[in-house]
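These notes concern the structure reproduced below.
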Ligand code: PSU
Ligand code: MN
């Protein structure tokens, strides 16, 4: 893998580094807002005293800490694959360009020695999974790879109660940031209870430290940060868009790894771009919290 010199130096000196994924750039948002957002997220992380490391795969080589030019490429280049865990050997052997999902970003971040990773929403158990068995590989990865993922919960395109059950089965701590309710991405509320609320970023750092202190507790941690109330969407509006998008996907027979990108794109269209604005705001907020967690953890590690 190729680690950007700035990231490498920060890691060697034990300074806070935050990993970022690239599927959200290539398959999660339209150009040019995707690139603009990715760069703003990096800036927010810097403003809060951590070094950003956007991760992706260029010609079969994992890149840890993309340049702005590389981010631009991931935003607009055609034919960039979406690589989850099972795609990695193929992408490496065939020297493809590939955007990394939460699962693969965790794998590569962990190899590079990065402990904290910020994203928007994780993949989860899809609605109807009892028939389709469509469960994101992100959840398995959270079970085994030592990275803390900071997100705004999961989108209601998924089955949120089943996603929480699955995370429990897989032994993943799910921590609410100043809340005991699972946030639902575009809104702060899912109506689902979490067992633990973090009172601040230091609290998260202490839990990470504890988990890393014993190999028997190997695996990831999920920190769920609610979207700030002023940027949240109206629940009825977003629920309707989700229902319509799900119906459309079903009619068109969208399956497998195409499902999530298809639904995200449809929801942006159905809400005339409103969902994209909320999406951007919540990621920037996650970036702030994630950078602070990385900072607190670097202090006590
Ligand atoms: N959820 C979002 N935005 C995203 C994704 C999920 O709100 O961009 C992306 C992430 O990269 C996540 C992936 O890891 O989709 C999950 O895809 P799948 O369900 O195919 O595992
Ligand atoms: Mn899937």
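In my numbering, the protein residues as written are 546 to 846. No residue lacks a Cβ here, since even glycine has one placed at the ideal position from N, Cα and C. All values reported here derive from a predicted model rather than from experimental measurement.
For residue 620, the enclosing alpha helix (DSSP H) begins and ends at 613-621.
The Cβ atoms of residue 730 and residue 697 sit closer than 9 Å to each other. Inclusion of residue 668 and residue 824 in the CB contact set at 9 Å is not warranted, their separation being larger than that value.
Within a 10 Å sphere around the beta-carbon of residue 635 sit fewer than 16 other beta-carbons, which makes this residue exposed. Of the residues assessed, residue 721 falls on the buried side of the cut-off, its CB having 16 or more other CB atoms within 10 angstroms. Within the same chain, 670 and 674 come within 7 Å of residue 707 by CB-CB distance, once the 5 residues on both sides are set aside. Residues 810, 813 and 821 of the same chain have their beta carbon placed closer than 8 Å to that of residue 575, with the five preceding and five following residues left out of the count. Residue pairing by DSSP leaves residue 776 without any beta bridge partner. By the Cβ-count criterion, residue 752 is buried, with 16 or more other Cβ atoms from all chains shown falling within 10 Å of its own Cβ.
Look at residue 680: its beta carbon is less than 8 Å from one of the heavy atoms in ligand 2.
Residue 607: member of the beta strand (DSSP E) spanning 606-609, first to last residue.
Taking the Cα positions, residue 712 is about 11 Å away from residue 680. Around the beta carbon of residue 567, 16 or more other beta carbons lie within 10 angstroms, which makes this residue buried.
A distance below 6 Å between beta-carbons, with the five flanking residues on each side excluded, links residue 590 to the following residues of its chain, in chain order: 563, 597, 832 and 836.
If you look at residue 712, you'll find it in the alpha helix (DSSP H) that goes 705-714. In the displayed model, residue 627 falls within a strand according to three-state DSSP.
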